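Chains as they are written, first to last, in this note's numbering: chain A, 47 to 676; chain B, -10 to 97.
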């Protein structure tokens, strides 16, 4: 039996039509899945009540183990148990070789030597690419989502670090596809955190997201403008996190206990680290904690760790993170006092000292109300819920819009806009085009971006050809050009000839390599040249029309001019034709061209009528009048 | 004529209302669009239509039912249940004669 959730007034869906969507925080160390139920976003636990799924996958000859169990087995089965796979996403074999030494310290895997550009890890279950390993994690999260919501999923929003490049984003999408998940959108992790706090519907301004996890630190400076978060800068330290806090405390314990860490066994060292971690967590609530460690049967140590002592131990590490913050602010060209909000993400931001220091640095109280481990997944769930149309206002969150119009080149070098700028994405638009010449069987499609009327003033994105469709008279072929921009801004253009079904397509990333300043300049130019562009466009249009008229008259005269035209008539037409030809190439004003065209039309009117009659007679010859009355 | 809610159900409704930050209760109703005749509707309540709606109070929760729906769900007890990982509201409706397997719709 289906269990129902409470809807917003008037938003109840018909049975079986409620759309379930999940948000996934696919993390380096841990992953989470969240959803919105009865208007409340929350992370979903497994049957033992655990919300965090360790991002660890163990491959055995006959099973794939994901999560806590795999993490536990890591020590015994290091070669077949894969962790931190996120670091390898979208990385080719070449990248890995160059990073191999540093990576192999962190990742104890053997890489398979393959012909493909994709690096694969050797396991007993075969060679595994990073995408496959991530897909195995996603499958577990997907299943948890389905079981918790009691239905099939419409799709998922998956978060990625703001600094992920196109290849890493694509790899993440591929992993989701492999796991059978429909990706509604990839969302930057800091954006997700800001969405969880509802900052996307708040005041426009600049937001900092401070993300201190177990092993990595990320800072993102973002600007909210008209509901869209734009990442101004990112920074961080891939080797700074809560684990370093534990190490600092462990060192302090050993120093207090007068023990040299070199004399300790690995398991004792782990014990000290875990006690250090416990003490750190307890100090978020208590002023001081007692630590008690049994080093050997006759050697135990008991001591007190106070909040102040902890602060002095971790302050150097926090300072390091704040230096990254300062750099990120500088990169973004933003002053501290411009920051409206600071959002805290990552378990290590639970440490009160971190909150205090970050608050002092940014001169504002950081946002800490939502569990910092879950805040990213929760933001993703809110976005996913809105994207499938379950949002309370029924509005789609406008997280992204096209910065510039997209279109194609038409005859005469004109830019025909298919999707105009500021259209929210994802979006799909189609328009029909036709052929220009008789017997044309191919068409070049030139995809352009920009606001100007002439292709020369726009940015060329891609060119491709649609070939091999049946020959038609000019203007009879129907070619449907579809522009589709997905949620990540990836544009695919498809041209299809409707009769034969011949298809050609291309994919491009319109924003690739485009700086904001360039976008701004392109927009400014389109305003500044608006008048000139309008004139240029209408002139080009008339030139195209003139070409068409010239083409038609030439082909007609070549066809039957000898039989149907007297010498005089022929000369009159030729004279008008030459005049139009000159105007076509020299006229700077639309009016001149129009006049020349009118002249030629007048000169050839009689001839055109005669041709029409001849063709009607020809087609009626041998038929009875009755046949035409039917 | 009355509808009610279990203690557990009331607790969750109040949680969801608190999370939403507004709303006076929960509206129960039926829609005639299910695969098996009728479908249940649960929504948050922002306003009550005088003359069309009846309100009940059960375990501290205001339940609003429009008069047309009430004939189909009179005597219904609303509960919050967990089935494995899945959780949500379920209806114990004495008028229900047959439900489609999905439980989202029923006939009387």
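Yeah, the Cβ is synthetic: ideal placement off N, Cα and C, and Gly gets one too.
Computed from a predicted model, the values in this text were never measured in an experiment.
Near-chain E residues of the region 397 to 413 of chain A (beta-carbon distance less than 9 Å), N- to C-terminal order: Here chain E cannot be found, since the structure's protein chains are A and B.
The region 70 to 86 of chain B: positions lying closer than 9 Å to chain A by Cβ: 70, 71, 72, 73, 74, 75, 76, 77, 78, 79, 80
Neighbour-count burial assignment, residue 121(A), 16 or more Cβ in a 10 Å radius: exposed
Contacts of residue 31(B) in chain A (Cβ-Cβ under 7 Å): 50, 52, 53
Spatial neighbours of residue 425(A) in its chain, beta-carbon cut-off 6 Å, leaving aside the 5 residues before and after: Contacts found: 238, 239, 241, 242.
Residue nearest to residue 330(A) in terms of C-alpha spacing, selected from 576(A), 493(A), 582(A), 394(A): The shortest C-alpha separation from residue 330(A) is found at 394(A).
Expected contact under 8 Å - CB spacing of residue 289(A) and residue 251(A) to nearest Å: 34 Å between Cβ atoms; not a contact.
Inter-residue CB distance, residue 101(A) and residue 75(A) (contact presumed, cutoff 8 Å): 6 Å
Segment contact, 8 Å Cβ cut-off, at least three pairs: the region 276 to 295 of chain A with the region 360 to 368 of chain A: In this structure the region 276 to 295 of chain A touches the region 360 to 368 of chain A; the number of beta carbon pairs closer than 8 Å is three or more.
Other residues of its chain near residue 569(A): CB distance less than 7 Å, five sequence neighbours each side excluded: 497
Residue 103(A) vs residue 167(A) beta-carbon contact at 8 Å: no
In DSSP terms, what residue 283(A) is bridged to: According to DSSP, which records beta bridges pairwise, residue 283(A) is partnered with 263(A).
Spatial distance of residue 666(A) from residue 644(A) (CA atoms): 31 Å
Between the CA atoms of residue 31(B) and residue 6(B) - distance to the nearest angstrom: 13 Å
Which residues DSSP lists as bridging residue 50(A), in chain order: 78(B)
Exposure of residue 207(A), with buried meaning 16 or more beta-carbon neighbours within 10 Å: buried
Three-way DSSP call (helix, strand, coil) for residue 386(A) in this model: strand
Residue 35(B): contacting residues in chain A (beta-carbon distance under 7 Å): 55
Touch test, the region 482 to 501 of chain A against the region 610 to 620 of chain A, Cβ-Cβ under 8 Å, three pairs minimum: These segments do not touch.
Nearest-angstrom Cα separation, counted from residue 302(A) out to residue 348(A): Our two residues, residue 348(A) and residue 302(A), have alpha carbons roughly 9 Å apart in a direct line.
Per DSSP, the bridge partner or partners of residue 500(A): Its beta-bridge partners are 460(A).
Host alpha helix (DSSP H) of residue 8(B) (start-end): -4 to 9
Residue from 343(A), 575(A), 404(A) whose Cα sits closest to the Cα of residue 372(A): Residue 404(A) is the option with its Cα nearest to residue 372(A).
Beta carbon of residue 230(A) nearer than 8 Å to that of residue 430(A): yes
Simplified DSSP state of residue 256(A), which is helix, strand or coil: strand
Three-state secondary structure (DSSP) of residue 480(A): coil
Of the residues 93(A), 195(A), 542(A), 479(A), the one placed nearest residue 50(A), counting alpha carbons only: 195(A)
Local Cβ density within 10 Å of residue 759(A), reported as buried at 16 or more and exposed below that: With chain A covering only 47 through 676, there is no way to say anything about residue 759(A).
Selection of the region -6 to 17 of chain B by Cβ proximity to chain A, strictly under 8 Å: If the cut-off is 8 Å between Cβ atoms, the region -6 to 17 of chain B has 1, 2, 4, 5, 8, 9, 15, 16 near chain A.
Proximity test, Cβ basis, 8 Å: residue 475(A) and chain B: Answer no: the Cβ-Cβ gap between residue 475(A) and chain B never drops below 8 Å.
Nearest to residue 315(A) (by Cα), restricted to the options 339(A), 177(A), 332(A), 335(A): 339(A)
Cβ neighbour criterion (16 or more within 10 Å) applied to residue 52(A): Buried is the call here.
Ranges of the alpha helix (DSSP H) found wholly within the region 518 to 589 of chain A, counting only runs of at least 4: 562 to 574
Residue-chain proximity (residue 190(A), chain B), Cβ-Cβ < 8 Å: A Cβ of chain B is located within less than 8 Å of the beta carbon of residue 190(A).
Pair within 8 Å by beta-carbon distance, residue 592(A) and residue 623(A): no
Buried versus exposed, by CB contacts within 10 Å (16 or more), residue 214(A): buried
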